[in-house]
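Colleague: Heads up: the sequence shown is residues 3 to 380, going by our numbering.
Here's a structure for you.
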Amino acid sequence: MQGLVGFDGRRLVLCEGAILTGYRTDPSTMESIAAVLGQHSRFVTVAHPRMDADALGSILALALSLESAGKTAQPLSQGSYPEQLDYLPGSERVMRWDESQSWPHDWLPEVVVVCDIGGQSRVQTFLDQLRRLYPEAKNGEEASPPKQRPIVVNIDHHVSNEWFGDYAWVESAACSTGEMVVDVLRAASLPIDADVATNLYAALLTDTGSFHYSNTTPRALRVAADLIEAGANPSEIARAHYRSKSTAQMQLEGLVLERMRTKAHERLAYSYITLEDLSRLGLSPGKAQDLVNLLTPLATLRIAAFFLEIEGPEERVQTKLSLRGEGYQNLSDVAKRYGGGGHPRASGATLDGSPAQHLERIVTELAELVAEETEQRF
Ligand SMILES: [Mn+2]
């Protein structure tokens, strides 16, 4: 295994056991998925709730490309997603669905492509509701009903993915789900026009933290270059994503930094935002995005933890916990303990109750985890 250059807060060091170079562990599944995209004509594309640009960019890219090829594809949002992402081409076509809503009986997809989902539970309710409709369809309500429940295709780069679905293609070494979507569109000979490329470039740009993170592989940069050639405009996308904030949003970011506290010799940093903070600043919950990243420039940092109060289903107060790290701990495993998942260096979980109900306990646990770490690992 090739060594990886890491940063320990003072100097660059070599870490062992890093996985950066492996990709395409499963070409046959990718080819099978490409065949499924080619053979069928009615699709739903869906990602995790509260989509980020990788999730939304991936489902939009797939939907737009399938439609250009003369098929029907409905991109779907489970609940709302940050409205800041409305710059992505095709976002006006996204259908919003939540648990209380029943799926239209007269439009049943043959294939559901699930992107960037991390854990099956994050799409289970939707799939269960949809599947219940198919026996009725078989009784002749529809002109050409699918023969069986929809085929479920799972495309993801989360190490926590449970490989569910009829076709599961999981590449934890891919920088983003968007990078994988590029592969599968190419394999299926589906078009990548400027709008598709813009969605996919936004996916790569944001999931690599503007090409800052350790997943910025040569392959990621090559795919990004290809997307620019296909019509993505890097400066416009970067402006739309990173330089489109309101005064209130910047004040919110100020509040995150003002509230930042550290533990374990400044190796753990944490902060929080409540729904009341958002309403005081006149911000909708959708405006609070990527706030955990504000904590990561701290030189000594091993783990950043951010607690965002959100309104969950049935107006229940919930806390979205976001974790970022430097690779010293596997944060996907840490998030799993709180019912979530993700990547080794970026993970999250949604907990019932307010940040105040969880913050102290979780911060204490994380501080212990950071304190256990020894320099022997390097
Ligand atoms: Mn992703």
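Note that CB positions come from ideal geometry on N, CA and C, so glycine has one too.
Note that the structure is a prediction, hence the values are computed from the model and not measured.
Please confirm whether any heavy atom of ligand 1 lies closer than 6 Å to the CB of residue 178.
Modeller: Here residue 178 refers to the residue found at position 176 when the sequence shown is read from its first residue. Yes.
Colleague: Provide the residue(s) that pair with residue 350 in DSSP beta bridges, ordered along the chain.
Modeller: Numbered from its first residue, the sequence shown carries residue 350 at position 348. Looking at the DSSP assignment, residue 350 forms a beta bridge with 324 and 343.
Colleague: Measure the alpha-carbon distance for residue 357 versus residue 309 and round it to whole angstroms.
Modeller: Locating residue 357 in the sequence shown gives position 355, where the first residue counts as 1. Locating residue 309 in the sequence shown gives position 307, where the first residue counts as 1. Straight-line Cα distance between these residues: approximately 6 Å.
Colleague: In terms of residues, what are the limits of the beta strand (DSSP E) holding residue 97?
Modeller: Counted from its first residue, the sequence shown places residue 97 at position 95. From DSSP, the beta strand (DSSP E) with residue 97 extends over 97–99.
Colleague: Could you name the residues of the same chain whose beta carbon sits closer than 6 Å to that of residue 97, not counting the 5 residues immediately before and after it, in chain order?
Modeller: Your numbering for residue 97 matches position 95 in the sequence shown. Only 76 and 78 meet the Cβ criterion.
Colleague: Between which residues of its own chain and residue 127 is the CB-CB distance below 6 Å, once the five residues before and five after are set aside?
Modeller: Sequence index remark: in the sequence shown, residue 127 carries index 125 (1-based). Answer for residue 127: 101, listed in chain order.
Colleague: Which runs of the alpha helix (DSSP H) spanning at least 4 residues fall entirely within the segment 30–114, listed in chain order?
Modeller: The segment 30–114 contains these whole alpha helix (DSSP H) runs: 55–70.
Colleague: Leaving out the 5 sequence neighbours to the left and right, which residues in its chain are closer than 6 Å to residue 294 when beta-carbon positions are compared?
Modeller: On the sequence shown, position 292 is the one that residue 294 refers to. Only 306, 308, 324 and 326 meet the Cβ criterion.
Colleague: Nearest-angstrom Cα distance between residue 72 and residue 109?
Modeller: The residue you call residue 72 lines up with position 70 of the sequence shown. The residue you call residue 109 lines up with position 107 of the sequence shown. In a straight line, the C-alpha of residue 72 is about 17 Å away from that of residue 109.
Colleague: List the residues that DSSP assigns as beta-bridge partners of residue 213.
Modeller: In the sequence shown, the residue the question calls residue 213 occupies position 211. Answer is none; residue 213 lacks a bridge partner.
Colleague: Just to confirm before moving on: does the CB-CB distance between residue 155 and residue 35 stay below 7 Å?
Modeller: Translated into the one-based positions of the sequence shown, residue 155 becomes position 153. Translated into the one-based positions of the sequence shown, residue 35 becomes position 33. Contact flag set, yes.
Colleague: Would you say the segment 340–359 touches the segment 129–137, given that touching needs at least three Cβ pairs under 8 Å?
Modeller: No, they do not touch.
Colleague: With a cut-off of 8 Å, do at least 3 Cβ pairs link the segment 251–267 to the segment 225–236?
Modeller: Touching, no, given that fewer than three Cβ pairs across the two stretches are closer than 8 Å.
Colleague: Alpha helix (DSSP H) containing residue 281: first to last residue?
Modeller: For the purposes of this step, residue 281 is identified with residue 279 of the sequence shown, where counting begins at 1. 277–282 is the extent of the alpha helix (DSSP H) around residue 281.
Colleague: How far does the alpha helix (DSSP H) with residue 130 in it reach, from first residue to last?
Modeller: The residue you call residue 130 lines up with position 128 of the sequence shown. That run of the alpha helix (DSSP H) goes 126–134.
Colleague: Starting from the Cα of residue 366, find the closest Cα among 291, 270 and 346 and give me that residue.
Modeller: Looking up residue 366 in the sequence shown gives position 364. Cα-wise, what sits closest to residue 366 is 270.
Colleague: Starting from residue 364 and walking both ways along the alpha helix (DSSP H), at which residues does that stretch end?
Modeller: The residue given as residue 364 occupies position 362 in the sequence shown. 357–374 is the span of the alpha helix (DSSP H), which, as asked, contains residue 364.
Colleague: Suppose you measure from the CA of residue 256 to the CA of residue 122; what does that come to, to the nearest Å?
Modeller: As a first step, residue 256 is located in the sequence shown; it is residue number 254 there, counting from the start. As a first step, residue 122 is located in the sequence shown; it is residue number 120 there, counting from the start. Spanning the two alpha carbons is a distance of roughly 35 Å.
Colleague: Specify the secondary structure class of residue 249 as computed by DSSP and reduced to three states.
Modeller: Numbered from 1 along the sequence shown, position 247 holds the residue referred to as residue 249. Looking at residue 249 - three-state DSSP - the assignment turns out to be helix.
Colleague: CA-CA distance, residue 233 and residue 49?
Modeller: Walking along the sequence shown from the start, residue 233 turns up at place 231. Walking along the sequence shown from the start, residue 49 turns up at place 47. Answer to the nearest angstrom: the Cα atoms are 24 Å apart.
Colleague: Determine the closest residue to residue 280 out of 249, 207 and 301, with distance taken between C-alpha atoms.
Modeller: On the sequence shown, position 278 is the one that residue 280 refers to. Nearest C-alpha to residue 280: 249.
Colleague: Quick one: what's residue 2 bridged to in DSSP?
Modeller: No answer is possible for residue 2: the residues shown for the chain start at 3 and end at 380.
Colleague: Are there 16 or more other CB atoms within 10 angstroms of the CB of residue 37, so buried, or fewer, so exposed?
Modeller: Within the sequence shown, residue 37 is the residue found at index 35, counting from 1. By the neighbour-count rule (16 or more Cβ atoms within 10 Å), residue 37 is not buried but exposed.
Colleague: Is it right to say residue 39 is buried, meaning 16 or more other beta carbons lie within 10 angstroms of its own, or is it exposed?
Modeller: Indexing the sequence shown from 1 puts residue 39 at position 37. Burial call: buried.
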